[in-house]
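In what follows, a single structure is set out as structure tokens and then discussed.
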Amino acid sequence: MRCGIRAGSAVFSFHMRYGWQVLAAIFVLPLVAWGQSSEDCLACHSDSSLSMQKDGRTVPLFTDSGALKRSAHASLSCVDCHAGLDVTNTPHAKVIPPVDCRACHDINGYEKSVHGRPREAATGAAPRAVAARCIDCHGTHEILSASNGKATTNRALLSDTCSKCHATEAEHYSLSAHGKALKAGIKGAPSCVGCHGEHRVESVQSSESPVSKTHEVKMCLKCHLDNPEVRERVALSAGFIQSYETSVHGVALASGNQKSASCSDCHGAHDMRRAGDAGSHVDKLAVAQACAQCHAEIVATFNESIHGVALKSGNQDSPSCTDCHGEHQILAPKDPRSRVAAQNVSVQVCASCHGSVRLSQKYGLPEERFKSFSDSYHGLASKGGAVAVANCASCHGVHNIRPSSDPKSTIGKDNLVATCGRCHPGANNNFAQGSVHVVMERDSSAVLYWIQFIYILLIIGTIGGMLAHNGLDFFRKARQRMCIRRGLAAAPHHGTAEYERMTLSERIQHALLFTSFFVLVITGFMLKFPDAWWVAPLRGISEKAFAVRSITHRIAGTVMVFVGIYHIGYLILTARGRRLAIDMFPNFKDIRDVIGMTLYNLGLSKTKPMFDRFSYIEKSEYWALMWGTFVMAGTGFIMWFDNVFIGLLTKLGWDIARTIHYYEAWLATLAILVWHLYFVMFSLDIYPMKITWFTGKISEEEMAEEHPLELQRLKGESIEPPKPEEPKAE
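Numbering (my numbering), first residue to last: 674 to 1403.
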């Protein structure tokens, strides 16, 4: 008890003796510190020679009072920022606590940023500060508002501030399109923080960085797509810019492929320049090297090609990667929307240069080279929608295109057979005998030129004669009908009997013949004119329309040949067939009938020739059909089995067959339309249609008009030749 009283007395004695000192420390000293004005501080710190030694180096302690008064913190006292100092003593403290800007400024995220996380300095060849503090960017006593044009954090000067640590990047930025735009005061031009952020600056390898692989595209599109002012200045459409997202690169990046090309991989990061700038990564002469970052082997091959060599020599007309593959919307070659897809590459890529009159004249290229491909089977099939057909790249190569004089060229003399053999198994030297790019000119393709020339004359003469003949016939019949209608002539009267004109077998032959013929016409001209107005709807039915067309054409051709063979057997093996062959055989009467009918239609003769079972009208068509079927079947067979017949007949022989097949098709089609359809549909005597092909019967009236000699034999009586009706006197 006594010990406890003594202890309590000692404590009380301590409080009585030192209590006033404790109270002074608690209440008085803060008042002293609070009373320390900036002027008090500047009494010492305005001395420019004031300094201290720290860690073996001299640290200046001078403060420019003028800069302090002009700063954003002019209204603050020194101790508002420099807290925790023993201002009554000099030096103030052995360890001076750093200024903590967070007391006033919300800088959330700074601690987690690449600047806020201390790192070891001088690691490897890239020394960096331990950490970037507020004063490293904003300054110290001279700090200004970011809106002040002289502030270190002003947008226009920010790259200079960042250059203290990032000198190389800042130099590149100052020469970039962004840096120049910012310097020129263009609204919306990005500064460092515009892309990297402000206090929460992350390493580009960080997935949280706005310029990381994952987020970079969104960052670029924020200005180049979403900002109409920026989009207008760069003169690129929104669709063009946005198309990257659906490209092979954009899709791969969105799916998590970090190796896929993003904006900076092609355009550069800090050194991004306009495409027309000589230092740009996407300049015409440099873009291949940008692509080489990922496609090194392909670019190496391209550099040795005729295009690459020309490009390296400075020829701006020579294509580079983006001229063929596109720029933002680069699609995989197997994508049907891609410019370099098998069905598109010739028309959308190669034709832009090799179909250009300007470039052809400038470099002495054959002007008809692309047109000759377009008119070839390969070109027509490709335009028609075929995928498994040779295009320009199939023969000339893709990135390895070389002139034919180059021993390494795929179209070189020693390599051409092997090139053809990739699609045509068993190709031999005959595949190289003949022009690949056929142009119907007298000098370059004399044989084909004369075949074409003769056929054109034949078509004009034959079809022109048919039109003239039918025109005279039509107007003569129209005049007769008008006279009958006006009562100026009497209508002829005949019996009502019907006669068999075609047996069931003959009608079936005819049905198969005209069906296969018109199918052949449609499917054949679909190949030759794939862009015609009537072809487009057929092609639009299915992506496999061309394959169906090809198979259908061959089936129809086979049916026609089968009908032809059957008909020959019918002519030989049946009595009616033998009679038909005899009656169809031309004779001198046919010549007299042609002359007589012409005079009759012209009004130079009053007597119409009397025709037998078959007139010159049927005979000319029948024998033309026989000949045409033989020619079309023969040439079609050669074209069908191209590997065999090019090997036997050479490429020139195959081209001859193709030329004959094409012009014979025109001759046959026009003959049917002008000659046959007129006499079975449009002639005024039988309009709208002669139905003998369906019923097999012909009326006595038709027999008397068209085959009076045949009718005479059938009735066993004499029939006077029809006389023209004389107009009655009014």
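Note that beta-carbon positions come from the ideal geometry of N, C-alpha and C, so glycine has one too.
Residue i versus the options, residue with shortest Cα-Cα distance
i     : options                       : result
L848  : V874, D950 and V1120          : D950
P1259 : A1014, G1230, M1113 and A1297 : A1297
D944  : A843, Q1002 and S920          : A843
F1310 : H1334, K1324, Y1295 and S724  : H1334
S978  : S937, A911, S1077 and A948    : S1077
A1377 : G1369, D1358 and W1366        : D1358
L855  : A829, A840, S876 and C865     : A829
R1222 : I1245, L1193 and V768         : L1193
T1342 : F1191, I1364 and T1308        : F1191
D1079 : D1048, T1135, V982 and T1169  : V982
I865  : A948, I1290 and N827          : The sequence shown places Cys at residue 865, not Ile. Of the listed residues, the one whose Cα sits closest to C865 is N827.
E970  : N1073, W1348 and D996         : N1073
D1048 : I1264, L926, R1158 and P1203  : P1203
Bridge-paired residues (DSSP) for residue i
i     : result
I1371 : Y1172
V732  : M725
Buried or exposed (CB count within 10 angstroms, at least 16 for buried), residue i
i     : result
K837  : exposed
F1261 : exposed
I699  : Note that I699 scores 47 on pLDDT, short of 50, meaning its location in the model is unreliable; the coordinates nonetheless yield the value given after this. Result: exposed.
L984  : buried
E1379 : buried
A680  : Because the pLDDT at A680 is just 39, under 50, the model does not fix this residue reliably, and the point stays unresolved.
N1064 : buried
Q726  : exposed
D728  : exposed
Y1360 : exposed
A766  : exposed
F687  : A caution first: F687 carries a pLDDT of 36, below 50, which makes its placement in the model too unreliable to give a value.
W1206 : exposed
S820  : exposed
W1123 : exposed
H1407 : No answer is possible for residue 1407: it lies beyond the span of the chain, which begins at 674 and ends at 1403.
N781  : exposed
W1327 : buried
A911  : exposed
V1300 : One detail in the question is off: residue 1300 reads as Trp in this sequence, not Val. Counting Cβ neighbours within 10 Å, W1300 comes out exposed, since fewer than 16 surround it.
A1005 : exposed
R873  : buried
G1057 : buried
A1061 : exposed
G861  : exposed
L1200 : buried
M1362 : exposed
A1209 : exposed
D779  : exposed
F1303 : exposed
P1039 : exposed
K1081 : exposed
E1114 : exposed
I1345 : buried
E1383 : buried
S1019 : buried
Residue range of the unbroken alpha helix (DSSP H) whose run includes residue i
i     : result
S738  : S738 to R743
R1158 : A1119 to R1158
P1381 : P1381 to K1388
Y783  : Y783 -> no alpha helix (DSSP H), and no H or E assigned at all.
E1000 : From DSSP, E1000 is part of no alpha helix (DSSP H); its letter is neither H nor E.
T841  : A840 to L848
R1222 : A1218 to L1246
T1092 : L1089 to G1094
V955  : Note, V955: premise wrong, no alpha helix (DSSP H); not H, not E.
R904  : P901 to V907
P1210 : V1208 to R1212
F1303 : Y1289 to W1313
Y1351 : First-last for Y1351: undefined, no H or E at that position.
Y1273 : F1261 to L1275
G912  : A911 to Q915
F1191 : L1177 to K1201
Cutoff 8 Å: residue i Cβ touching any chain C Cβ
i    : result
S880 : In the structure shown, chain C cannot be found, because there is only a single protein chain.
Cβ-Cβ separation, residue j to residue i (assumed contact under 8 Å), whole Å
i     : j     : result
A804  : G789  : 6 Å
R1180 : G1369 : 6 Å
H653  : P863  : The chain is shown from 674 up to 1403; residue 653 falls before or after that span and cannot be answered.
Q989  : K957  : 6 Å
S935  : V890  : 6 Å
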